[in-house]
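Peer 1: Sharing a structure, written as structure tokens. Questions coming.
2 protein chains.
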Amino acid sequence: MVTLAEVAQHAGVSASTVSYVLSGKRSISTTTRQRVEESIRKLGYHPNAGARALASSRSNIIALMIPLRTDMYVPVMMEIAIAVAAGARTHGYDILLLTGEEGPDAVRRVTGSGLADAMILMDVELDDERLPLLRATDQPSVLIGLPADTEGLTCVDLDFRATGALCVEHLAGLGHRDIAVIGEAAAVYERHTGFAERTLDGLRTRARELGLRLLHRPCEGGYDTMAATLARVFDERPDTTGFVVQNEAAVEPLLALLRQQGRAVPEDVSVVAVCPEQVATQASVRLTSVAVPAQEMGRRAVEQLVAKLDGRGSDEVVLLAPELTVRASSGPAPVGP
Amino acid sequence: MVTLAEVAQHAGVSASTVSYVLSGKRSISTTTRQRVEESIRKLGYHPNAGARALASSRSNIIALMIPLRTDMYVPVMMEIAIAVAAGARTHGYDILLLTGEEGPDAVRRVTGSGLADAMILMDVELDDERLPLLRATDQPSVLIGLPADTEGLTCVDLDFRATGALCVEHLAGLGHRDIAVIGEAAAVYERHTGFAERTLDGLRTRARELGLRLLHRPCEGGYDTMAATLARVFDERPDTTGFVVQNEAAVEPLLALLRQQGRAVPEDVSVVAVCPEQVATQASVRLTSVAVPAQEMGRRAVEQLVAKLDGRGSDEVVLLAPELTVRASSGPAPVGP
DNA sequence: CAGTCCAGTCGAAGCGCTTCGACATGGTAT
DNA sequence: ATACCATGTCGAAGCGCTTCGACTGGACTG
């Protein structure tokens, strides 16, 4: 293992000079810099992470906490995680992956040990037990998701309330009066996950404003549960012509079941989904949808965090504006009998 | 930030004693141990990761390289990653998440800087460019996946050759003579990803041995490409009654299209999938399938790696035996016309 | 009863780096 | 010519931990 001292010796300068070449914190003459850089290349030098962290009390690592709930749609999580990792690298940070298992203890461990300089938390609950710890520590952090109380916290999320409103507006504009919402699994609501409740709130509020009838049903996804849910929906509201689907795992089952029941999409019923682009375009009917901008969320979270680490930036809630893309699954409401 | 020295002072012992209490590398009297542990608790002490890494040249971090290819099925990756993270924690290791972007440079960076003690590589290609680097360094590593040359490497993977054979045997046992294989996207084969080629090899070899006709078609997944692929299959082999699907994104489209064409599953055609359990049980027809044991793979990879780190264990290829679960999508071949 | 051993503890060295103050050097302003 | 400053470089002091050798006092052995 090559050390700073060896590089210094090889280049005929002192260790501190090499260090300053690396960090750029003091001016170095061009000739010296080049000589040092040459030595670094030749010897294949890599600064030792531990020593660096010890001396500078900066690890250049960002901790990313991903819970491992089975009822969350994984691809979105993964996409965010990957965007976070890529974004972090461009700022010179690596990602430490923490799964939910440890819970709040992980926060303590990471902040206490100086393992990471900052944290990004995913899948935040409205009243998350990690938040008090986060507020207590002076370690910068960013949440992906929105808790009930954002005081003193930085958050990045899709504006799910606006998302809900947007879906309702789209269907209302097409003349639909009875709308069913196929929501996330019941457990997601019980856990008070922000995005689910916010979407629902947006849907309900706008529906009321526009004078629509809205029926919300949680749904685990999969064919069997979707079939049961759909039966209940048409039982209670036979005139339903518009669907808003939030659970990705329910999208395809819903489409298949509607087809099976002889209800044509979009002639008889319209479907709007909240899902990643890929799901929308690869479904059996190209779906009118509001995209969940996973990449954007990951990128923005890193940007906010790096700003904090650099002393710029402050606590702030970044809500990304939803965009609805019209595709083949929504159309004018059928004219009444 | 609380340091070792402060704990030592609080407990009335020397710093080295505290260190030995923590590591257990020398015997400590019960009374001293308890006093020290009490102080640690009271002061809320967490060892500083950087200092520890520097002094012991062990970071207690395992690097996990996940490529970010869009044509791979993400949930499996994610499941493995989470299993790796959880497994690592039980052995006292944290996970550093590296995405494919950096490529081989990431290997150099991590081994060179002492950031991690060991690596786990996912989605290994048959002739992966990271392998020479891995062989050159003395840092322990485990691959999830199987390259062409496993000399000097430790690998964990599902036995995809046996998986292919198993699928063919099942269909052959039910009397099917013409089998179509809906493979991964063409790009996956072009990249020479081990698992795809191995499955195909297993399928072909066993089919030949059993005297079956086998038609293989790559497929990107999604409805449109699946429709095109399916048309070509029935065009070339009208008597096809058995399907083996390897691409998860093609499963549901295939089922929907068959239904649409009036071909009943499993009465007219049988479908066997290679996919995670969840996909098999949540599909519109409960699928006869060979499960991809993502969790098991992640767990085993960590075990192998930890064994190496502890000086136990050696280079070894661990191939997990596939298991086929019969569900509702396969049945006896229809009797000929 | 001297010699040996072991459990239990301590002090000090050092891991590889960052960073502070000090020191030259040469240019610029007075 | 003197004083001053900016620039470039160095030496040394740590950062918080692990670990090695050394020391102590009691429990054995012969």
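Respectively, the protein sequence lines represent chains H and S. Under numbering that gives the first Met the number 0, think of the first position of the first sequence as 0, with each following residue one higher. Under numbering that gives the first Met the number 0, think of the first position of the second sequence as 0, with each following residue one higher. Idealized CB from N, CA, C, for every residue including glycine. Quick caveat: nothing in here was measured; it's all calculated off a predicted structure.
#1: Compile a chain-ordered list of the residues in the region 267-279 of chain H whose CB is closer than 9 angstroms to at least one CB of chain S.
#2: Nearest to residue 246 (chain S) by alpha carbon, out of S:4, S:131 and S:218?
#3: Taking Cβ-Cβ distances shorter than 7 angstroms, what residues in chain H pair up with residue 45 (chain S)?
#4: Using the rule of at least 16 other Cβ atoms within 10 Å of the residue's Cβ for burial, across every protein chain shown, is residue 235 (chain H) buried or exposed?
#5: Whose C-beta lies closer than 6 angstroms to the C-beta of residue 40 (chain S) among residues of the same chain, with five residues either side of it excluded?
#6: Cβ closer than 7 angstroms: which chain H residues qualify as neighbours of residue 92 (chain S)?
#7: Determine the DSSP secondary structure at residue 132 (chain H), reduced to helix, strand or coil.
#8: Going by the C-beta, is residue 151 (chain H) closer than 7 angstroms to any heavy atom of the ligand GDP?
#9: Between the beta-carbon of residue 149 (chain S) and the beta-carbon of residue 316 (chain S), is there less than 8 angstroms?
#10: Start and end of the beta strand (DSSP E) containing residue 181 (chain H)?
#11: Can you tell which of H:174, H:280 and H:284 has its C-alpha closest to the C-alpha of residue 210 (chain H)?
#12: Are the Cβ atoms of residue 96 (chain H) and residue 94 (chain S) separated by less than 8 angstroms?
#13: In angstroms with no decimal places, state the Cα-to-Cα distance between residue 55 (chain S) and residue 114 (chain S).
#14: Would you say residue 337 (chain S) faces chain H, with C-beta separation under 8 angstroms as the test?
#15: Of the residues that make up the region 210-225 of chain H, which ones have a beta carbon closer than 8 angstroms to any beta carbon in chain S?
#16: Touching or not, the region 81-94 of chain H and the region 102-109 of chain H, by the rule of three or more beta carbon pairs under 8 angstroms?
#17: Helix, strand or coil for residue 140 (chain S), going by three-state DSSP, please let me know.
#18: Just list the alpha helix (DSSP H) runs in the region 193-250 of chain H, keeping only unbroken ones of 4 residues or longer that don't cross its boundaries, in chain order.
#19: Report the start-end ranges of each alpha helix (DSSP H) in the region 47-71 of chain S that is 4 residues or longer and not cut off at the edges.
#20: Please report the Cβ distance between residue 326 (chain S) and residue 279 (chain S), rounded to the nearest whole angstrom; I am assuming they are in contact, meaning their Cβ atoms lie under 8 angstroms.
#21: From the beta carbon of residue 118 (chain H), is the nearest beta carbon of chain S less than 8 angstroms away?
#22: Within the 8 angstroms Cβ cut-off, does residue 298 (chain H) reach chain S?
#23: With residue 328 (chain S) as the anchor, note down where its alpha helix (DSSP H) starts and where it stops.
#24: Comparing the C-beta of residue 74 (chain S) with each C-beta of chain H, is any distance below 8 angstroms?
#25: Could you pull the start and end residues of the beta strand (DSSP E) that residue 316 (chain S) belongs to?
#26: Does DSSP put residue 322 (chain S) in a helix, in a strand, or in coil?
#27: Can you pull the chain H residues whose beta carbon is under 7 angstroms from the beta carbon of residue 49 (chain S), in chain order?
#28: Can you give me the C-alpha to C-alpha distance between residue 145 (chain H) and residue 123 (chain H), rounded to a whole angstrom?
#29: Could you tell me which residues DSSP puts in a beta bridge with residue 125 (chain S)?
#30: For residue 286 (chain H), which three-state DSSP category applies?
#31: Using a C-beta cutoff of 8 angstroms, does residue 248 (chain H) count as contacting chain S?
#32: By Cβ distance, which residues of its chain are closer than 7 angstroms to residue 314 (chain S), with the 5 residues on each side in sequence left out?
#33: If you measure between the beta carbons of residue 157 (chain H) and residue 296 (chain H), is that distance less than 8 angstroms?
Peer 2: For this structure:
#1: 277
#2: One-based indexing of the second sequence puts residue 246 (chain S) at position 247. Checked all of S:4, S:131 and S:218; the closest Cα to residue 246 (chain S) is S:218.
#3: Here the question's residue 45 (chain S) lines up with position 46 in the second sequence. Correct list: 108, 111 and 112.
#4: Walking along the first sequence from the start, residue 235 (chain H) turns up at place 236. Classification of residue 235 (chain H): exposed, given that the 10 Å Cβ count is below 16.
#5: Indexing the second sequence from 1 puts residue 40 (chain S) at position 41. Once the five neighbours on either side are set aside, residue 40 (chain S) has no close Cβ partner at all.
#6: Along the second sequence, one-based indexing puts residue 92 (chain S) at 93. The contacting residues do not exist; residue 92 (chain S) stays about 11 angstroms from chain H at best.
#7: Residue numbering aside, residue 132 (chain H) sits at position 133 when the first sequence is read from its first letter. DSSP places residue 132 (chain H) in helix when its eight states are reduced to three.
#8: In the structure on display, the ligand GDP does not appear, and there are no ligands present to speak of.
#9: Position 150 of the second sequence, counting from 1, holds the residue named residue 149 (chain S). Position 317 of the second sequence, counting from 1, holds the residue named residue 316 (chain S). It is a contact, given that the beta carbons lie within the stated cut-off.
#10: For the purposes of this step, residue 181 (chain H) is taken as residue 182 along the first sequence, with counting starting at 1. From DSSP, the beta strand (DSSP E) with residue 181 (chain H) extends over 177-181.
#11: Locating residue 210 (chain H) in the first sequence gives position 211, where the first residue counts as 1. Nearest option by C-alpha distance: H:174.
#12: In the first sequence, residue 96 (chain H) corresponds to position 97, counting from 1. In the second sequence, residue 94 (chain S) corresponds to position 95, counting from 1. Yes, these two residues count as a Cβ contact at 8 angstroms.
#13: Sequence index remark: in the second sequence, residue 55 (chain S) carries index 56 (1-based). Sequence index remark: in the second sequence, residue 114 (chain S) carries index 115 (1-based). Taking the straight line joining both Cα atoms gives about 13 angstroms.
#14: In the structure as shown, chain S begins at 0 and stops at 336. Residue 337 (chain S) is therefore absent and cannot be evaluated.
#15: Under the 8 angstroms Cβ criterion, the region 210-225 of chain H contributes 220, 221 and 222.
#16: no
#17: As a position in the second sequence, residue 140 (chain S) is number 141, starting the count at 1. Residue 140 (chain S) falls in the strand class under three-state DSSP.
#18: Those alpha helix (DSSP H) runs which fall completely within the region 193-250 of chain H and span 4+ residues are 193-209 and 222-235.
#19: 48-55
#20: Here residue 326 (chain S) is taken as the residue at index 327 of the second sequence, counted from 1. Here residue 279 (chain S) is taken as the residue at index 280 of the second sequence, counted from 1. Rounded, the Cβ-Cβ distance is 7 angstroms, consistent with contact.
#21: Locating residue 118 (chain H) in the first sequence gives position 119, where the first residue counts as 1. For residue 118 (chain H), the answer is no, since every Cβ of chain S falls outside 8 angstroms of its Cβ.
#22: Numbered from 1 along the first sequence, position 299 holds the residue referred to as residue 298 (chain H). Chain S contact via Cβ: absent.
#23: Looking up residue 328 (chain S) in the second sequence gives position 329. Counting along the chain, residue 328 (chain S) falls outside any alpha helix (DSSP H), and DSSP gives it neither H nor E.
#24: To locate residue 74 (chain S), count along the second sequence from 1; it is residue 75. Yes, because at least one Cβ of chain H sits closer than 8 angstroms to the Cβ of residue 74 (chain S).
#25: Taking the second sequence and counting its residues from 1, one reaches residue 316 (chain S) at position 317. Start and end: 316-319.
#26: Here residue 322 (chain S) corresponds to residue number 323 of the second sequence, with the count starting at 1. Coil, per DSSP.
#27: By one-based count along the second sequence, residue 49 (chain S) stands at place 50. In chain order: 49, 52, 53, 58 and 113.
#28: Here residue 145 (chain H) refers to the residue found at position 146 of the first sequence. Here residue 123 (chain H) refers to the residue found at position 124 of the first sequence. Straight-line measurement puts the Cα of residue 123 (chain H) at about 6 angstroms from the Cα of residue 145 (chain H).
#29: Within the second sequence, the letter at position 126 stands for residue 125 (chain S). Beta-bridge pairing links residue 125 (chain S) to no other residue.
#30: Here residue 286 (chain H) refers to the residue found at position 287 of the first sequence. Looking at residue 286 (chain H) - three-state DSSP - the assignment turns out to be coil, as it is neither helix nor strand.
#31: Start at 1 with the first residue of the first sequence, and residue 248 (chain H) comes out as number 249. True, the Cβ-Cβ gap to chain S drops below 8 angstroms.
#32: Locating residue 314 (chain S) in the second sequence gives position 315, counting from the first residue. 151, 152 and 153, listed in sequence order.
#33: Indexing the first sequence from 1 puts residue 157 (chain H) at position 158. Indexing the first sequence from 1 puts residue 296 (chain H) at position 297. Yes.
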